[in-house]
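Participant: Protein chains in written order, with this note's numbering: chain A, 2 to 100; chain B, 44 to 451. Virtual Cβ for every residue (Gly too), placed ideally from N, Cα, C.
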Amino acid sequence: MTRPKLQPFLRPKHIDQIPCGTCFNAGHLVDANAGWRTDTPVLDQSLCTGCLQCYLLCPEGVIFRAESGLLIDYDFCKGCGICAHECKAKAITMRKGGL
Amino acid sequence: MTHAHKAFASGNEAVAMGVRLARPHVIAAYPITPQTTVVERLAEMVEDGSLRCEYLHVESEHSALSAAMGASAVGARTFTATSSQGLLYMVECLHYASGGRFPIVMMNANRALALPWNIYNDQRDSLSQLDSGWIQIYVEDAQEALDMIIQAYAIAEHPRVLTPVMVNLDGFVLTHTYELVDVPSQQSVDEFLPPFQTSNKMDLDAPTNMGFTATPADYMEFKYQQHRAMVDAAEVIVNTDRAFGTNFGRNYGGLVDSYRSGDAEFILLTLGSVTGTARVVVDQLRAEGHRVGLVKIRYMRPFPARELAALTRRAKAVGVLEKNISPGYEGTVFTNVNSALAQAGSSPLVLNFVAGLGGRDIAKADIARMFEQLAAGAENPPDERVIFVTLQVAVAPEALVRYADEGL
Numbered sequence: 002m003t004r005p006k007l008q009p010f011l012r013p014k015h016i017d018q019i020p021c022g023t024c025f026n027a028g029h030l031v032d033a034n035a036g037w038r039t040d041t042p043v044l045d046q047s048l049c050t051g052c053l054q055c056y057l058l059c060p061e062g063v064i065f066r067a068e069s070g071l072l073i074d075y076d077f078c079k080g081c082g083i084c085a086h087e088c089k090a091k092a093i094t095m096r097k098g099g100l
Numbered sequence: 044m045t046h047a048h049k050a051f052a053s054g055n056e057a058v059a060m061g062v063r064l065a066r067p068h069v070i071a072a073y074p075i076t077p078q079t080t081v082v083e084r085l086a087e088m089v090e091d092g093s094l095r096c097e098y099l100h101v102e103s104e105h106s107a108l109s110a111a112m113g114a115s116a117v118g119a120r121t122f123t124a125t126s127s128q129g130l131l132y133m134v135e136c137l138h139y140a141s142g143g144r145f146p147i148v149m150m151n152a153n154r155a156l157a158l159p160w161n162i163y164n165d166q167r168d169s170l171s172q173l174d175s176g177w178i179q180i181y182v183e184d185a186q187e188a189l190d191m192i193i194q195a196y197a198i199a200e201h202p203r204v205l206t207p208v209m210v211n212l213d214g215f216v217l218t219h220t221y222e223l224v225d226v227p228s229q230q231s232v233d234e235f236l237p238p239f240q241t242s243n244k245m246d247l248d249a250p251t252n253m254g255f256t257a258t259p260a261d262y263m264e265f266k267y268q269q270h271r272a273m274v275d276a277a278e279v280i281v282n283t284d285r286a287f288g289t290n291f292g293r294n295y296g297g298l299v300d301s302y303r304s305g306d307a308e309f310i311l312l313t314l315g316s317v318t319g320t321a322r323v324v325v326d327q328l329r330a331e332g333h334r335v336g337l338v339k340i341r342y343m344r345p346f347p348a349r350e351l352a353a354l355t356r357r358a359k360a361v362g363v364l365e366k367n368i369s370p371g372y373e374g375t376v377f378t379n380v381n382s383a384l385a386q387a388g389s390s391p392l393v394l395n396f397v398a399g400l401g402g403r404d405i406a407k408a409d410i411a412r413m414f415e416q417l418a419a420g421a422e423n424p425p426d427e428r429v430i431f432v433t434l435q436v437a438v439a440p441e442a443l444v445r446y447a448d449e450g451l
């Protein structure tokens, strides 16, 4: 459940720094992509049982485990609401707005 | 392990033998006339154990090239083959393969395009794909077909090139005619063609993203890089051909081959199997004292612009014989040749002989007439530079009146 981090994109200065073909190091996320979120899932850690259903069902793979508990990567969450709908403990609620 | 031997083989069988010697890991192909016997022979080789490779049965040409790309993307040496409608069906994948820099080798049996439906030879299928980013080779005989399959892998997989290669054989004229072919030993081919190594692949130890998107901010650099790789391929092609000659005792001149063109006043440019017929005509006309010559264009991409300009530098007139027409303008080979000569500041008369469409025969007398037209044109340049050779009917509107009277 370790996730690749958003990395700063260093723009190539020379043609030989452009990948040969469409092949480059995996996990090199350079653009946050959450602009179309209208509602935002918010997790209440005190209610979370750690069942990981949200992690399994999130279509974007943006829910991950940290030392403090489950976290949501808002750089890539599209706000679909599946996690909130599936959470049996009602630990996730959808808050109005993209935040 | 095969030893060097001679075989009586068709063009297609020679291709299959060349492929076996190149030891591909994966073959994915869909049969189409007149390519079918290539993939039949390869299937038999896999069945009898003389070729150890995955042979994928796919449901279309689009899938054939897609499967070849998937295999190439894990570092496999791959082969596919097609023709005509099949080539056009995989056009989307042609660009995918070249943009992804997958060094796939594909044999194409040159065949006319529908409509009208026609299974016979011309070159409008592959010539319509010059912009697809593939290296294009046109071979003259079965020996060259076998040899160029082996060279094609060395060129495609070269780190400076990493570009797919299409080896074109004239349908039936070459794919289905038999000749004596020198088949090199497996050991000698292994020495010439080392196993495929690439970093452009999926690898558990070094995970990569493959087949990604590029926005307007980055896309153009990928196309520039592809263009430069193709330009650089010219040198790799010449070196590969030279090395092939050292190893096997046969080579082909790299991007072009010329025949008695050194002091020629009138030079005909050809592609593929018709070159053999044109050679005979050149000999006949030379025996009569005419200073005629021949240049065989072996590669349409990268295009041998400088070579053609240099070889035709002293000619009074140059003819481009091609089994192709871009309706409404001229043959595409003619366009490319004129651009090359113009950029070199060379300005002989250039005539376009459009011939052999849909498999129509190009006879020695037809080629002799082309040389006559070049000689006449050098004196009095004709208004129309694009000439359809061997049309069987009159095309002048006023001629219709005469034939209408006959009740047709």
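By the criterion of Cβ-Cβ separation under 8 Å, what are the contact partners of B/Gln268 in chain C?
Facilitator: As a matter of chain content, chain C is missing from the structure shown, whose protein chains are A and B.
Participant: Residues of chain A with CB under 9 Å from B/Phe255, in chain order?
Facilitator: As a first step, residue 255 of chain B must be located in the second sequence, where it is residue number 212. Per Cβ cutoff of 9 Å: Pro20, Thr23, Cys24, Phe25.
Participant: Counting only Cβ-Cβ distances shorter than 8 Å, please list the residues of the region 233 to 247 of chain B near chain A, keeping chain order.
Facilitator: Ser242, Asn243, Lys244
Participant: Indicate whether the contact test is met: 3 or more Cβ pairs, each with one atom in the region 107 to 120 of chain B and one in the region 52 to 70 of chain B, closer than 8 Å.
Facilitator: yes
Participant: Our contact map puts B/Ala321 next to B/Ala421 with C-beta atoms below 8 Å; I'd like the distance itself, whole angstroms only.
Facilitator: Mapped onto the second sequence, residue 321 of chain B falls at position 278. Mapped onto the second sequence, residue 421 of chain B falls at position 378. Contact flag wrong, Cβ pair sits at about 19 Å.
Participant: What residues in the region 182 to 205 of chain B bring their beta carbon closer than 9 Å to a beta carbon of chain A?
Facilitator: Those residues of the region 182 to 205 of chain B that come within reach of chain A (Cβ to Cβ, closer than 9 Å) are Pro202, Leu205.
Participant: To which residues of the same chain is A/Ala92 closer than 7 Å at the C-beta, ignoring the five residues directly before and after it?
Facilitator: Residue 92 of chain A sits at position 91 when you count from the first residue of the first sequence. Excluding residues within five positions, the ones whose Cβ falls inside 7 Å are Leu44, Asp45, Leu48, Cys49.
Participant: Mind checking which residues open and close the alpha helix (DSSP H) that includes B/Gly288?
Facilitator: What you label residue 288 of chain B is simply residue 245 of the second sequence in a count that begins at 1. Unbroken alpha helix (DSSP H) run through B/Gly288: 262 to 291.
Participant: CB-CB under 7 Å to B/Ala457, same chain, minus the five flanking residues each way: which ones, in chain order?
Facilitator: Residue 457 of chain B lies beyond the residue range present for chain B, which begins at 44 and ends at 451; the question has no answer from this structure.
Participant: Would you say B/Glu264 faces chain A, with C-beta separation under 8 Å as the test?
Facilitator: Residue 264 of chain B sits at position 221 when you count from the first residue of the second sequence. At least one chain A Cβ lies under 8 Å of B/Glu264.
Participant: Using 10 angstroms around the beta-carbon of B/Phe215, count the other beta-carbons present and answer buried if the total reaches 16, otherwise exposed.
Facilitator: Your numbering for residue 215 of chain B matches position 172 in the second sequence. Buried is the call here.
Participant: Only counting the same chain, and skipping five residues up and downstream in sequence, which positions put a Cβ closer than 8 Å to that of B/Val323?
Facilitator: As a position in the second sequence, residue 323 of chain B is number 280, starting the count at 1. For B/Val323, where only same-chain residues beyond five positions count, the Cβ hits under 8 Å are Lys407.
Participant: Write down the C-beta distance between B/Ser109 and B/Cys136 rounded to the nearest angstrom, noting that I regard them as a contact closer than 8 Å.
Facilitator: Position 66 of the second sequence, counting from 1, holds the residue named residue 109 of chain B. Position 93 of the second sequence, counting from 1, holds the residue named residue 136 of chain B. Right, their Cβ atoms sit about 5 Å apart.
Participant: For B/Arg344, would you say it is in contact with chain A, using Cβ-to-Cβ distances shorter than 8 Å as the test?
Facilitator: Position 301 of the second sequence holds residue 344 of chain B. Not an interface residue.
Participant: Alpha carbon to alpha carbon, how far is B/Ala86 from B/Asn395? Give it in angstroms, no decimals.
Facilitator: Counting from 1 along the second sequence, the entry for residue 395 of chain B is found at position 352. Counting from 1 along the second sequence, the entry for residue 86 of chain B is found at position 43. Distance between the alpha carbons of B/Asn395 and B/Ala86 is about 41 Å.
Participant: According to DSSP, simplified to helix, strand and coil, what is B/Asn379?
Facilitator: Within the second sequence, numbered from 1, the residue matching residue 379 of chain B stands at position 336. Helix.
Participant: Within the continuous alpha helix (DSSP H) that includes B/Asp326, where are the two ends?
Facilitator: Counted from its first residue, the second sequence places residue 326 of chain B at position 283. Per DSSP, B/Asp326 belongs to the alpha helix (DSSP H) from 317 to 330.
Participant: Run through the DSSP bridge pairs and tell me what B/Tyr132 is partnered with.
Facilitator: Residue numbering aside, residue 132 of chain B sits at position 89 when the second sequence is read from its first letter. According to DSSP, which records beta bridges pairwise, B/Tyr132 is partnered with nothing at all.
Participant: Under 8 Å: do the region 264 to 275 of chain B and the region 214 to 232 of chain B share three or more Cβ pairs, one atom per stretch?
Facilitator: Counting Cβ pairs under 8 Å, fewer than three are found: no touch.
Participant: Between B/Ser390 and B/Leu400, what straight-line distance do the alpha-carbon atoms span, to the nearest angstrom?
Facilitator: Locating residue 390 of chain B in the second sequence gives position 347, where the first residue counts as 1. Locating residue 400 of chain B in the second sequence gives position 357, where the first residue counts as 1. In a straight line, the C-alpha of B/Ser390 is about 28 Å away from that of B/Leu400.
Participant: Please classify B/Ile340 as buried or exposed, where buried requires at least 16 neighbouring CB atoms within 10 angstroms.
Facilitator: Position 297 of the second sequence holds residue 340 of chain B. Label assigned to B/Ile340: buried.
Participant: Give a yes or no on whether the minimum CB-CB distance between B/Arg120 and chain A is below 8 Å.
Facilitator: Reading the second sequence from its first residue, position 77 is the one you call residue 120 of chain B. No, B/Arg120 does not count as interfacial toward chain A.
Participant: In chain A, which residues lie with their C-beta within 7 Å of the C-beta of B/Arg144?
Facilitator: Here the question's residue 144 of chain B lines up with position 101 in the second sequence. What B/Arg144 touches in chain A: Cys21, Gly22.
Participant: B/Glu331: buried (16+ other C-beta within 10 angstroms of its C-beta) or exposed?
Facilitator: One-based indexing of the second sequence puts residue 331 of chain B at position 288. Exposed: under 16 other Cβ atoms inside 10 Å.
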